[in-house]
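*Asks:* Taken in order, these protein sequences are the chains called S and P.
Residue numbering for the first sequence follows my numbering, beginning at 1084 and increasing consecutively.
Residue numbering for the second sequence follows my numbering, beginning at 72 and increasing consecutively.
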Amino acid sequence: MTVLEARDVTKTVASPEGPLTILADVSLRVRAGETLAIVGASGAGKSTLLSLLAGLDSPTSGRVSIAGIDLTALSEDGRAAVRGKHVGFVFQAFHLIPSLTALENVMMPLELANRSDARAAATEALAEVGLTARRSHYPKQLSGGEQQRVAIARAFVTRPHVLFADEPTGNLDTVSGQRVADLLFELNRGTGSTLVLVTHDRGLAARCGRTLELDAGRAVA
Amino acid sequence: MPVLRFAFRNLWRDLKSGDSLVLLSALTVAVASLTAVGFFTSRISQGVERQATRVLAADLRLESADPLSPAVFAAARAAGLRSTLELSFATALFKGGQSQLAAVNAVAPGYPLRGTLRIADVPFGVARPAGSIPAPGEVWLDARIVAQLDLKPGEDLRVGAATLRYAAVLAYRPDQGTGFVNLAPALLMNVGDLPATGLIAPGSRVTYAGLFAGPAPAVAAFRAYLIAHKRPGERLRQVGDYSRQLNSAVDRAGRFLNLSSLASVLLAAIAVAMGARRYAERHVDAVALMKCMGASQGFILSVSLVELSVLALIAVAAGAAIGLGAETGIAWLLRDLIREDLPPASPLPVLIALVTAAVMLAGFALPPLMRLKNTPPVRVLRRTADPPPWRHGVSYGLALAAMIAILWIMVRDTELVAWVGAGVLGVGVALTAAGYGLVHLTGGLRGGVGVAWRYGLANVSRRGGASVVQIVAFGLGLMVLLLLAVVRGDLLNSWRASLGDRVPNNFLINIRPQDREPLEQWFAAHGIADAPMYPVIRARITRINSRAVGTLHFANARGRAFAEREQNLTWSGALMPDNQLVAGSWWTRADDGKPLVSISTEYRDALHLAVGDELQFDIAGETLSARVASVRKVRWDSFRPNFFLVFPPHLLDGAAGTYMTSVHLNARQRPALVEVVRRFPSVSVFDVDAILAQIRAIVDRASLAVQYVFLFTLAAGIVVLLAAVQATRDERRYESAILRTLGASRWTVLQGVATEFTALGFLAGSLAATAATAIGWVLARRLFSLAYSPDPAVWLVGLTCGTALVGVSGTLAAWRVVNTPPIESLREN
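Have a look at this one:
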């Protein structure tokens, strides 16, 4: 079953030299439980494609749908509702809220969904990433690898259909990066969610079932 | 309810982590200072007003030509007020074959309800408080009567059909007034002796006065009752009817208090604006993340609103408690100084503080929060994706308009609010322009200086927008503080100096033209200088621009009084030193004898006149027309003769009149006045020392209030400073980490920070000092009618303090940032 689909997606932005096309006519289909790596050189349009697939931004033309819902037909609030229900995120810069503890950061998406079992579910998610002992630590008290594991727990805690990861190991050393990658794939298998990741790391890309390479905004493989 | 639950959780976490602390403390200090200032100024101003009502000898005074209804006194008793009765009329006194016209005041026990009667043993001798009213069968007499009739204590004199004994010289009674209009010398007697005189008969010209006093709320309620129930011909008297000097002093004291309140509100608003800005900035990333996780715009906005409202409630509760506590503490500390039973603090200041805090939040915090809801979720991938710019001009314009409306409601003084508002706006614009100028300039300077300076100056120019916000906040904060310092010091001192030891304390009126020169010679012989003689003529206005005043309608009582009664007028070639021209031009020698008139602002306002209007007067049966050539603002509390109407010389040459003057006499010189009243029998002498003392007491109270308000304003000023310093803390943290990673020592980074803040402080301080001096000068001239020469010390202090304060506090605040291990800062980013 197709859970994520992009058809002829193009993104053009204004620049001092005139309109600049960042992404041109990209199409793809991802099935439930599949893993896809988006690779390419810096500036190839990987992060732009990810933001369009996740409904964080709107394409200039083309269509994107998640779980059969056409994101391009929705308002920002409509897309937010889809994200809340179907999507999880892991970022290169972790994006934990500095004023919240590890547990509170993981609780956040559950609280936004008004789940009454937020604390219990978040505690369980933290246990899955091996950070039970660090649950009341603030982000600045955690190492980079630990912060990314908290972010992974936060992304999976809502059991999303699609998980988007933007350079999830980009800010980590080899050992931490390896551990974070292992976690991502383990949880992907365990929960049956779809994993779409953007990476420079060919090794990480190779662990995915499929690879989409971008070059100057166009899909080349 | 998910919004509420989420908002409460989020707020609790924000508070725990200190993220909302700047906004919370800004709001708390704002509410605390507004509450304390509100409590304090309302109680002090009520005290000032109570002090002023002594000239009525009561809190309320109802006068009529007919006996007052017993129902009025019964109603006063029922309202919990004390009351007494005073009858006034003119009659001739006789000692043997000699007679003297006197203004008789027959008073009942309890008189005066406010103020103190003062008596002396000999005419113009040292006075002492009387403690009671004249005993039945006794009278207290004005020194002039005693001197004229050559009375000895214990001698009898005839008042109508009664024979009463002269017991003391009446030196002062609170309601003697300072109008000096055809007043005969006074006689004070016990109302119980009145029937024996047989002077009160139907048709007698008697003024009956009911005097009432009591607790402030009961007085206010009874005033409303009297206004609603008084009969035609009954009149509630005002302080201004008795003493324009005191009225003027009360107005000015009120303006000083209002100005202080304005300063605290403005500083609080700046603090809240800064706090809200930081609050919003700290939340941009979290909002982007929440949107990624599915939060809608409506949800974000609702959560923000709930958080803000709860924050406001916490701040109002804490601020009101602190404000009330501080006010109670001050009242206790000053219990000896504020001896009067100050009216209890009303809950009104808390309500005003609540509304003001709400408007400040709505005006200054809502715009950045509304902007938050538009944060693009893609910011999580591209940090440069900022929320679309908010139309600051519109939102802050609305907030400013709301603030100005609140200030006006608080002080009801359009001129004051307009000047201060225009001043703050002008300074804000100048600071913004100067800020951009500095940012531009420092960008160019950084090539030729060392690494620390380059880092500091580069920061100023690189953080362009934030630097400008900081300069504006520092500058406005310093400006308001300095303005209050100017008011607290220079303006109040100018006022006090204008009531110095040499202020005239005796008025001499009814000086006949033939007595003028001999009296001047007498003054010279007794070493009394500076006694300018002013001609006085009585006249009544009959027409305004050819329309009879009888056909014109005046809504205010003052307008009707001017239209119906005779006024004192004078002529003068030169503008009196305590008069300030506010419209038209003063005449030259060439205008001598021309039909022109200069009117006071009170006269203009009451009769709705303007320069160029044609007025017609009746002067002892003769008609005189004159064109309004100028309008003067009169400083009535200068204690020099002053007039609503002034004509050019030689226009009134044919009119019969008298002269008046005012002189300063010390206790040693006063007894010589016995000789004056004997040699010049028409002359009436009025001792205004008691009024002067009252005005000095009002100045002291106003100074005291301004002093304490300054303390609270200072607290608000410190919050502004901290909030402004915090505005760039996060960026600074990251930069410092980068620089230190690149090998810069902590000292180098700190030097850079010190350079940045010193540069900001220097600019803000110099602009603030210049603006505070300028606004102080304008306020002194236009609003307070005080002579004020700008003090270069203020400028210097402003500049030095601004530079030092901003430099030191900025550097200290950055200390922790610089001392944080770089890896910790980098990890957070």
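Here a beta-carbon is modelled for each residue, glycine too, at the ideal position from N, C-alpha and C.
Does the distance from the C-beta atom of Leu838/P to that of Gly434/P stay below 8 Å?
*Replies:* Sequence index remark: in the second sequence, residue 838/P carries index 767 (1-based). Sequence index remark: in the second sequence, residue 434/P carries index 363 (1-based). With contacts defined as CB atoms closer than 8 Å, Leu838/P and Gly434/P fail to qualify as a contacting pair.
*Asks:* Does chain P have any CB closer than 8 Å to the CB of Leu1111/S?
*Replies:* Indexing the first sequence from 1 puts residue 1111/S at position 28. With its beta carbon at least 8 Å from every one in chain P, Leu1111/S lies outside the interface.
*Asks:* Measure from the C-beta of Ala1234/S to each C-beta in chain P and report whether the shortest distance is under 8 Å.
*Replies:* Locating residue 1234/S in the first sequence gives position 151, where the first residue counts as 1. No, because no Cβ of chain P sits closer than 8 Å to the Cβ of Ala1234/S.
*Asks:* Indicate the three-state DSSP secondary structure (helix, strand or coil) for Thr694/P in the structure shown.
*Replies:* Residue numbering aside, residue 694/P sits at position 623 when the second sequence is read from its first letter. The answer is strand: DSSP assigns Thr694/P an E or B state.
*Asks:* What is the DSSP secondary structure of Leu1179/S, reduced to helix, strand or coil?
*Replies:* Counting from one through the first sequence, the residue named residue 1179/S turns up at place 96. Reduced to three states, the DSSP call for Leu1179/S is coil.
*Asks:* In terms of DSSP beta bridges, what is Ile1105/S paired with?
*Replies:* One-based indexing of the first sequence puts residue 1105/S at position 22. None, per the DSSP bridge assignment.
*Asks:* Is the CB of Lys1129/S under 8 Å away from at least one CB in chain P?
*Replies:* Working through the first sequence from its first residue, we reach residue 1129/S at position 46. For Lys1129/S, the answer is no, since every Cβ of chain P falls outside 8 Å of its Cβ.
*Asks:* Quick check: what's the CA-CA separation for Ala129/P versus Val290/P?
*Replies:* The residue given as residue 129/P occupies position 58 in the second sequence. The residue given as residue 290/P occupies position 219 in the second sequence. Taking the straight line joining both Cα atoms gives about 10 Å.
*Asks:* Check Ser154/P in the structure and name its three-state DSSP category.
*Replies:* What you label residue 154/P is simply residue 83 of the second sequence in a count that begins at 1. If DSSP states are grouped into helix, strand and coil, Ser154/P belongs with the strands.
*Asks:* Could you pull out every residue in the same chain whose Cβ sits closer than 7 Å to the Cβ of Leu1193/S, ignoring the five residues on either side in sequence?
*Replies:* Start at 1 with the first residue of the first sequence, and residue 1193/S comes out as number 110. These residues qualify, in order along the chain: Ala1201, Ala1204, Ala1205, Val1240 and Thr1241.
*Asks:* Is it right to say Ala1089/S is buried, meaning 16 or more other beta carbons lie within 10 angstroms of its own, or is it exposed?
*Replies:* As a first step, residue 1089/S must be located in the first sequence, where it is residue number 6. Under this definition Ala1089/S is a buried residue.
*Asks:* So with Cβ pairs under 8 Å, would you call Ala1156/S a contact of chain P?
*Replies:* Translated into positions along the first sequence, residue 1156/S becomes position 73. Not one chain P Cβ lies under 8 Å of Ala1156/S.
*Asks:* In chain S, what lies closer than 7 Å to Ala85/P by C-beta?
*Replies:* By one-based count along the second sequence, residue 85/P stands at place 14. Here residue 85/P turns out to be Asp, not Ala, going by the sequence shown. Residues of chain S passing the Cβ test: Ser1182.
*Asks:* Helix, strand or coil: how does DSSP classify Gly281/P here?
*Replies:* The residue given as residue 281/P occupies position 210 in the second sequence. DSSP places Gly281/P in strand when its eight states are reduced to three.
*Asks:* Per DSSP, what are the beta-bridge partners of Ala1089/S in this structure?
*Replies:* Within the first sequence, the letter at position 6 stands for residue 1089/S. Leu1111/S and Val1147/S.
*Asks:* With burial defined as no fewer than 16 other Cβ atoms inside 10 Å of the residue's Cβ, what is the status of Val252/P: buried or exposed?
*Replies:* Along the second sequence, read from residue 1 onward, the residue named residue 252/P stands at position 181. For Val252/P, the pLDDT reaches just 49, beneath the cut-off of 50, and the residue's location in the model is therefore unreliable, leaving the point undetermined.
*Asks:* Can you check whether the C-beta of Ser1134/S is within less than 8 Å of a C-beta belonging to chain P?
*Replies:* Taking the first sequence and counting its residues from 1, the one referred to as residue 1134/S is at position 51. At least one chain P Cβ lies under 8 Å of Ser1134/S.
*Asks:* Going by DSSP, what residue range makes up the alpha helix (DSSP H) through Ala123/P?
*Replies:* Along the second sequence, read from residue 1 onward, the residue named residue 123/P stands at position 52. Looking at the DSSP string, the run of the alpha helix (DSSP H) that includes Ala123/P is Leu92 to Ala123.
*Asks:* Can you name the residues that DSSP bridges to Val210/P?
*Replies:* The residue given as residue 210/P occupies position 139 in the second sequence. Note: Val210/P is bridge-paired with Tyr237/P and Met260/P in the DSSP secondary-structure output.
*Asks:* What is the DSSP secondary structure of Gln309/P, counted as helix, strand or coil?
*Replies:* The residue you call residue 309/P lines up with position 238 of the second sequence. Reduced to three states, the DSSP call for Gln309/P is coil.
*Asks:* In terms of residues, what are the limits of the beta strand (DSSP E) holding Asp758/P?
*Replies:* If you number the second sequence from 1, residue 758/P lands on position 687. That run of the beta strand (DSSP E) goes Ser755 to Asp758.
*Asks:* Give, in chain order, every residue of the stretch 343-377 of chain P whose Cβ lies closer than 9 Å to some Cβ of chain S.
*Replies:* Answer in chain order: Arg353, Asp356, Ala357, Ala359, Leu360, Met361, Lys362, Cys363, Met364, Gly365, Ala366, Ser367, Gln368, Gly369 and Phe370.
*Asks:* Closest by CA to Val877/P, which one among Trp566/P, Leu857/P, Leu834/P and Ala845/P?
*Replies:* Mapped onto the second sequence, residue 877/P falls at position 806. Of the listed residues, the one whose Cα sits closest to Val877/P is Leu834/P.
*Asks:* Considering only C-alpha positions, which residue in the set Tyr279/P, Leu554/P, Val539/P and Val143/P is nearest to Ala504/P?
*Replies:* Sequence index remark: in the second sequence, residue 504/P carries index 433 (1-based). Ala504/P has its Cα closest to that of Val539/P, out of Tyr279/P, Leu554/P, Val539/P and Val143/P.
*Asks:* Any beta carbon from chain S within less than 8 Å of Ser96/P's own beta carbon?
*Replies:* Taking the first residue of the second sequence as position 1, residue 96/P is located at position 25. For Ser96/P, no CB of chain S lies under 8 Å from its own CB, so it is not counted at the interface with that chain.
*Asks:* Quick one: is Ala708/P near chain S, going by C-beta distance under 8 Å?
*Replies:* Within the second sequence, residue 708/P is the residue found at index 637, counting from 1. In the sequence as presented, Ala is not what sits at residue 708/P; that position holds Asp. Closer than 8 Å: no.
*Asks:* Going along chain S, which residues have a C-beta under 8 Å from Leu452/P?
*Replies:* Mapped onto the second sequence, residue 452/P falls at position 381. Within chain S, the residues near Leu452/P are Ser1130, Leu1133, Ser1134, Leu1139, Phe1174 and Asp1249.
*Asks:* Please work out which residues of its chain come closer than 7 Å, Cβ to Cβ, to Ala232/P, disregarding the five sequence neighbours upstream and downstream, and give them in chain order.
*Replies:* As a position in the second sequence, residue 232/P is number 161, starting the count at 1. Cβ neighbours of Ala232/P beyond the five flanking positions: Ala267, Thr268 and Gly269.
*Asks:* Beta-carbon within less than 7 Å of Pro1044/S's beta-carbon, same chain only, minus the 5 sequence neighbours each way: which residues are those?
*Replies:* This structure gives no information on residue 1044/S, because the portion of chain S shown stretches from 1084 to 1304.
*Asks:* Go ahead and pull the three-state DSSP assignment for Asn445/P.
*Replies:* On the second sequence, position 374 is the one that residue 445/P refers to. Asn445/P carries a coil assignment under DSSP once its states are collapsed to helix, strand and coil.
*Asks:* Report yes or no: is there a C-beta of chain S within less than 8 Å of the C-beta of Val449/P?
*Replies:* Taking the first residue of the second sequence as position 1, residue 449/P is located at position 378. Val449/P counts as touching chain S.
*Asks:* Looking only at C-alpha atoms, which of Asn318/P, Val668/P and Val607/P sits nearest to Trp657/P?
*Replies:* Position 586 of the second sequence, counting from 1, holds the residue named residue 657/P. The shortest Cα separation from Trp657/P among Asn318/P, Val668/P and Val607/P belongs to Val668/P.
*Asks:* Measure how close the beta-carbons of Gly365/P and Ala1196/S come, nearest whole angstrom, since I'm counting them as under 8 Å.
*Replies:* Stepping through the second sequence from its first residue, residue 365/P is reached at position 294. Stepping through the first sequence from its first residue, residue 1196/S is reached at position 113. That belief holds up - the Cβ atoms of Gly365/P and Ala1196/S are roughly 7 Å apart, short of 8 Å.
*Asks:* Whose Cβ in chain S lies nearer than 7 Å to the Cβ of Phe79/P?
*Replies:* Within the second sequence, the letter at position 8 stands for residue 79/P. Per Cβ cutoff of 7 Å: no residues; Phe79/P is ~11 Å from chain S at best.
*Asks:* Please classify Asp572/P: does DSSP put it in a helix, a strand, or coil?
*Replies:* Residue mapping note: residue 572/P aligns to position 501 of the second sequence, counting from 1. Asp572/P: coil per DSSP, three-state reduction.
*Asks:* Among the residues of its own chain, which have a CB less than 7 Å from the CB of Val358/P, if the five just before and after it don't count?
*Replies:* Here residue 358/P refers to the residue found at position 287 when the second sequence is read from its first residue. The answer, listed in chain order, is Ile371, Leu443 and Thr446.
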